[in-house]
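In this note's numbering, the protein residues as written are 1201 to 1526. Glycine is no exception: its CB is placed at the ideal position from the N, C-alpha and C atoms. Owing to the predicted nature of the structure, the values given are computational and were not obtained by experimental measurement. In what follows, a single structure is set out as C-alpha cells and then discussed.
Here it is as C-alpha cells:
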C-alpha cells in the first residue's frame, strides 16, 4: 500500500498556514494532493474548498492538502493510477470508463479506482460567436470548433459524441484543442467560432465570454442525444436555466456529474479524514462556490458513482447513518 501522504519538495502551498506540532512531528512537507482542472473552471475552487477544510482539521490527522491545477479528468485519474496524486475530481463518464476499461482505458481497466462522493452537475455547455451562424449542434459543420485538449473530460465527451454520430471532426473547418482557460479569449478574438465544455453553473468563464464578445449559448439536444442517453447511464439530461446568462429561454443539453475519486491503495484513515472534514463543515463547503450551493448529502453519496465506494468513505457514511452497514 502506498503511503497516505507524499513529500512535496522545496515549497509549501501558498494558501497554507503554519503546521501544528503534531503535523510537524510527521514531516512538515507531508500532503495529500487533489488533481482538479483549469483555474477558470469549477474543479479548481472545489478542490481548494476540500483542502481548506482538510487543513482546518489537521490537528486530528496530521497531514495537509494541496489542490493542484491539471489537464482535467483523464489526467487526474492517470495521476491517481500511477500514484502521483491521492485524489482527483473527474467527470462521471470518465470515472465509468476508467473502472470499466472503456474509452481511454480500453487496454486495461483501473480496477483499483474508488469513488468518494459526487459533486455538482456539469451540463455540456456550447458557446458560439453571435455572427458565426451557429444556433444548433448541427451548424458546427465547416466551423472552427474547440473540442478540448487531450486528457480533458470535454475531449473524452467529444470522442463519445463522435462515436455515436452526433459530431464529426472531419466535417469541421478546423478542430482546435485548446485548454479551457484559453477558449474564451480565442472565441472573442475570432480565432475559433465555437467551443464546448462541461461545467457547473454559474460559470465565471462562461459569463466572461458572453459579456466580452456577445457569445450565445447553443442547445445540444435532439434524437442523437436521446440515443446517447439511453446507451450511457452516466449521462443525464440537463438544462441551463433561462436568465442564467444572456439566454431568455432554457437551453436544453445533457451532461455528467463531477465526482471525487481516489485509489483503493490510499488508506482508509486518510480517506475517512478527508470525507469527515468536508461533511463536518458541509455548509461552509457549499458556500465556497455557487455550483456547490445546491449539493445534498443523499445525492453526493449515491449519484454518478460507478466505481465502488472507498471503504474509508463508506465507514464515515455508515457512522453518520447515511448508509447501511454491509
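How would you label residue 1259, buried or exposed, when you count the other beta carbons within 10 angstroms and need 16 or more for buried? exposed
Compare the beta carbon distance of residue 1352 and residue 1459 with 7 Å and say whether it is the shorter of the two. no
Between 1477, 1468, 1496 and 1461, which lies nearest to residue 1506 when the distance is taken from Cα to Cα? 1461
Check whether residue 1247 and residue 1279 have beta carbons under 7 Å apart: no
At the level of alpha carbons, what is the spacing between residue 1473 and residue 1481? Computed Cα separation, rounded: 12 Å.
Taking 7 Å as the threshold (C-beta atoms), are residue 1420 and residue 1337 in contact? yes
Which value, in whole angstroms, describes the spacing of the CA atoms of residue 1256 and residue 1231? 13 Å
How is the alpha helix (DSSP H) around residue 1460 delimited, first residue to last? Following the DSSP letters along the chain, one finds residue 1460 in no alpha helix (DSSP H) but inside the beta strand (DSSP E) bounded by residues 1451 to 1463.
Can you tell me the Cβ-Cβ gap for residue 1457 and residue 1321, rounded? I've got them flagged as a contact below 8 Å. 6 Å
Pull up the CB-CB distance for residue 1440 and residue 1447, whole angstroms please, since I reckon it's below 8 Å. 7 Å
If we cut at 7 Å on Cβ distances, does residue 1493 have a partner in chain D? Given the protein chain composition of this structure (a single chain), no chain D is represented.
Whole-angstrom distance between residue 1274 and residue 1453, CA atom to CA atom: 22 Å
Along the chain, where does the alpha helix (DSSP H) that runs through residue 1427 open and close? Per DSSP, residue 1427 belongs to the alpha helix (DSSP H) from 1423 to 1431.
Exposed unless 16 or more other CB atoms sit within 10 angstroms - verdict on residue 1437: exposed
3-residue-minimum beta strand (DSSP E) runs that sit fully inside the stretch 1345 to 1412, ordered along the chain: 1374 to 1376 and 1394 to 1398
Can you find the residues in the same chain that come closer than 6 Å, C-beta to C-beta, to residue 1516, ignoring five residues on each side of it along the sequence? 1472, 1475 and 1476.
Three Cβ pairs or more, each shorter than 8 Å: is that satisfied between the stretch 1365 to 1377 and the stretch 1397 to 1406? no
What does the Cβ neighbour count give for residue 1219, buried or exposed, with the cut at 16 atoms within 10 Å? Unreliable positioning characterises residue 1219 in this predicted model, as indicated by a pLDDT of 37, which lies under 50. The coordinate reading is nonetheless provided below. Answer is buried; the Cβ neighbour count reaches 16.
How is the alpha helix (DSSP H) around residue 1230 delimited, first residue to last? Note, residue 1230: premise wrong, no alpha helix (DSSP H); beta strand (DSSP E) at 1230 to 1235.
With 16 other Cβ atoms within 10 Å as the buried cut-off, status of residue 1414: That one is exposed.
Whose C-alpha, out of 1311, 1356, 1261 and 1416, is nearest the C-alpha of residue 1294? The shortest Cα separation from residue 1294 among 1311, 1356, 1261 and 1416 belongs to 1356.
Tell me residue 1265's beta-bridge partners as DSSP assigns them. 1232
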